[in-house]
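Trainee:
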Amino acid sequence: MKTEFYLFFKDKRFYIPLILLILFEIFFPTKLYKPLLKKNSYAANINNILGHAIEKKNIHNPDILLLGTSVAYQGLNVRILQEKINSTGYKIQTAAIPGSELIVQDLAVDKILPEFDNLKLIIYVGEITMPWVSQKNLSLPTLAMLGEFEKKKVFSNLIEFEYESEVFNLKDDGSLNYKNDSWLDKLQRQTLIHKIDYEDWAFLSFDSIKYRRDIGHFLVNPAIRIRYLRNKISKPNENFYEYENTKTEKMSSYKFKDLEDCFIRSDVKQNKDPIPLGSDFEHKKAIYQTCALSKYTTTAQNRNKETELYFKRLSSIYEQIKKKNIKIINIFAPYSRVIDNNLGGAGRIKVWQEELKKINGEDAELIDFRYIFDNKDSDEFCYDVIHLNGEGVKQFSNELGEYLNKNVERFIKK
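Residues in the sequence shown are numbered from 0 upward in steps of one, following numbering that gives the first Met the number 0.
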């Protein structure tokens, strides 16, 4: 037995994968691989959006910063906003990250605030439904984004933001709900209520695990990735803004009656109707994905454990901002008409208003831009259920720009 054990470790084949793993762990932290990350992947978005804003601060050091998810990133045109507020002398930039949960936004704020010494105002583009769908388990997109931040801060935030293990979940009465009952479960029941699954810890701890899918995609077709890198180097983005939404596809092409109709007719697997002129497969797929998400999202209006957790997390972000003496306002973006009945109504707006007052005081600002298309078919301006197309972006950006032009001094000097 000892001889076999000795021979196993003496075999050179044992050390080849081990050496490769060590080399990967040395190579990835150097950030040499980051430019090669898959285009528009969750990890790449973190580096591109925040990196571009920081890189351009010498020519565009912002006084106003946008925060939020893809609703803000795709829905607002920073160039148009800047043109609208030029007369005020202020500069605006975005740090909105598609698909980001609050823990990612908190880390983005932590990274970007020290870089911008002129910041006076944060505009948080909220999503009405988010407080009712707070996540306690880590999704793969969130893990991918968390992996782009400093490990120590990430681990600290996971505890602060109360993420739970995927094995151990709380029942409605607060007791533990066990998915299995092994000896390890019995041993660790009292210590794992807020402990992340070991696979998630491994993902965040080791770069070779974190990038394994991205490396696999790269090896399948390295030419695409190299061509993307070459274009990025030969045609660098000289604009102060990182992205501009120019999508021409629109929801109105499908003439959906309501959310149920949208869900049925946009299903790319089940529905075989011809794709309308001006749309394509990817557009129809995006509509279906956002329709399905909206259809299966709760319409509850009252406070619950999810809303309590959401605003606790949001408060953590805001406290970090307020320590810098930066003002915060909240806005809602316009959506497609097909989800009007699924947004939750006045009850949810009331919860938002009351919770924001708890966080920001009685002068908390919540500006609702959801109905800027009221006299028109809002689907003309929507790419899918929750995201605007290029024309919708122009309308929304002009509305917000006009509003800021009239009110920005009041917000900043409040």
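For glycine and all other residues, C-beta sits at the position ideal for the given N, C-alpha and C.
Should S251 and D373 be called a contact, given that it needs their Cβ atoms to be closer than 8 Å?
Mentor: no
Trainee: Could you give the distance in angstroms between the alpha-carbon of P61 and the alpha-carbon of Q92?
Mentor: 6 Å
Trainee: Could you pull out every unbroken alpha helix (DSSP H) segment of at least 4 residues lying fully inside the region 233-278, listed in chain order?
Mentor: 258-264
Trainee: Taking the C-alpha atoms as reference points, what is the distance between K119 and I411?
Mentor: Rounded to whole angstroms, K119 and I411 show a C-alpha spacing of 6 Å.
Trainee: In its own chain, which residues sit with a C-beta less than 6 Å from the C-beta of I366, not counting the 5 before and 5 after it?
Mentor: For I366, where only same-chain residues beyond five positions count, the Cβ hits under 6 Å are I330.
Trainee: I need the DSSP call for F167, collapsed to helix, strand or coil.
Mentor: Only weak support exists for where F167 lies, its pLDDT of 38 falling under 50; the value from the coordinates is given anyway. Annotated three-state conformation of F167 is strand, per DSSP.
Trainee: Is the Cβ-Cβ distance between A414 and V70 less than 8 Å?
Mentor: Since the first residue shown for the chain is 0 and the last is 413, residue 414 is missing from the structure and cannot be characterised.
Trainee: According to DSSP, is V384 helix, strand or coil?
Mentor: Three-state result, V384: coil.
Trainee: Hey, how far is the Cα of I25 from the Cα of L276?
Mentor: 51 Å
Trainee: Thinking C-beta only, is L80 closer than 8 Å to G400?
Mentor: yes
Trainee: If L35 and A42 are in contact, beta carbons under 8 Å, what's the gap, nearest whole angstrom?
Mentor: The Cβ separation is near 11 Å, so there is no contact.
Trainee: In or out: F310 buried (at least 16 other Cβ within 10 Å) or exposed?
Mentor: buried
Trainee: Exposed or buried, what is V219 when buried is set at 16 or more other beta-carbons lying within 10 Å of its beta-carbon?
Mentor: exposed
Trainee: Going by DSSP, name the residue or residues bridged to T93.
Mentor: Partner(s): L65.
Trainee: L365 by DSSP, collapsed to three states: which one?
Mentor: strand
Trainee: Helix or strand or just coil, what does DSSP make of I58?
Mentor: coil
Trainee: If I measure Cβ to Cβ from G294 and keep anything under 6 Å in the same chain, skipping five residues before and after, which residues do I get?
Mentor: Checking the sequence shown, residue 294 turns out to be Lys, not Gly. Around K294: L258 and F262.
Trainee: Spatial neighbours of T306 within its chain, please: CB distance less than 8 Å, with the 5 preceding and 5 following residues excluded, ordered by chain position.
Mentor: P130, W131, S133, V350 and E354
Trainee: How long is the line joining the alpha carbons of Q269 and E159, rounded to whole angstroms?
Mentor: 43 Å
Trainee: Can L106 and F148 be called in contact, C-beta distance under 8 Å?
Mentor: yes
Trainee: Assuming P97 and T141 are in contact, meaning their beta carbons sit under 8 Å apart, how far apart are those beta carbons, in whole angstroms?
Mentor: 12 Å between Cβ atoms; not a contact.
Trainee: Quick check on I232: buried or exposed, where buried means 16 or more other Cβ atoms within 10 Å of its Cβ?
Mentor: exposed
Trainee: Output yes or no for whether 8 Å exceeds the beta carbon distance between V124 and L65.
Mentor: yes
Trainee: At what residues does the alpha helix (DSSP H) containing F331 begin and finish?
Mentor: Where F331 is concerned, there is no enclosing alpha helix (DSSP H), although the beta strand (DSSP E) it sits in stretches over K326 to F331.
Trainee: If you draw a straight line from the alpha carbon of A363 to that of G391, how long is it in whole angstroms?
Mentor: 27 Å
Trainee: With H, G and I counted as helix, E and B as strand and the rest as coil, what does DSSP make of H193?
Mentor: Confidence in H193 is poor, its pLDDT being 41 and thus under 50, which makes the residue's placement unreliable; the coordinate value appears in the next sentence. If DSSP states are grouped into helix, strand and coil, H193 belongs with coil.
Trainee: Helix, strand or coil for L137, going by three-state DSSP, please let me know.
Mentor: DSSP places L137 in coil when its eight states are reduced to three.
Trainee: Measuring straight from C-alpha to C-alpha, what distance separates E163 and L292?
Mentor: Cα-Cα distance, rounded: 23 Å.
Trainee: Who are L120's beta bridge partners in DSSP?
Mentor: In DSSP, L120 forms a bridge with I63 and K326.
Trainee: Hey, would you say N397 sits closer than 8 Å to K83, going by beta carbons?
Mentor: Going by C-beta atoms, N397 is nearer than 8 Å to K83.
Trainee: Between V267 and the rest of its own chain, which residues show a CB-CB distance below 8 Å, the 5 nearest in sequence each way excluded?
Mentor: F280, K283, K284 and Y287
Trainee: One question on the structure: do K246 and C381 come within less than 8 Å of each other, judged by their Cβ atoms?
Mentor: no
Trainee: Tell me where the alpha helix (DSSP H) around G215 begins and ends.
Mentor: R211 to V219
Trainee: Does the beta-carbon of A222 have 16 or more other beta-carbons within 10 angstroms, so that it is buried, or is it exposed?
Mentor: exposed
Trainee: If distances are taken between C-alpha atoms only, which option among I127, N39, K152 and I121 comes closest to I348?
Mentor: That would be I127, whose Cα lies nearest to the Cα of I348.
Trainee: Taking only three categories from DSSP, how would you classify L183?
Mentor: Per-residue confidence for L183 stands at a pLDDT of 39, beneath the threshold of 50, marking its modelled position as unreliable; no derived number is given.
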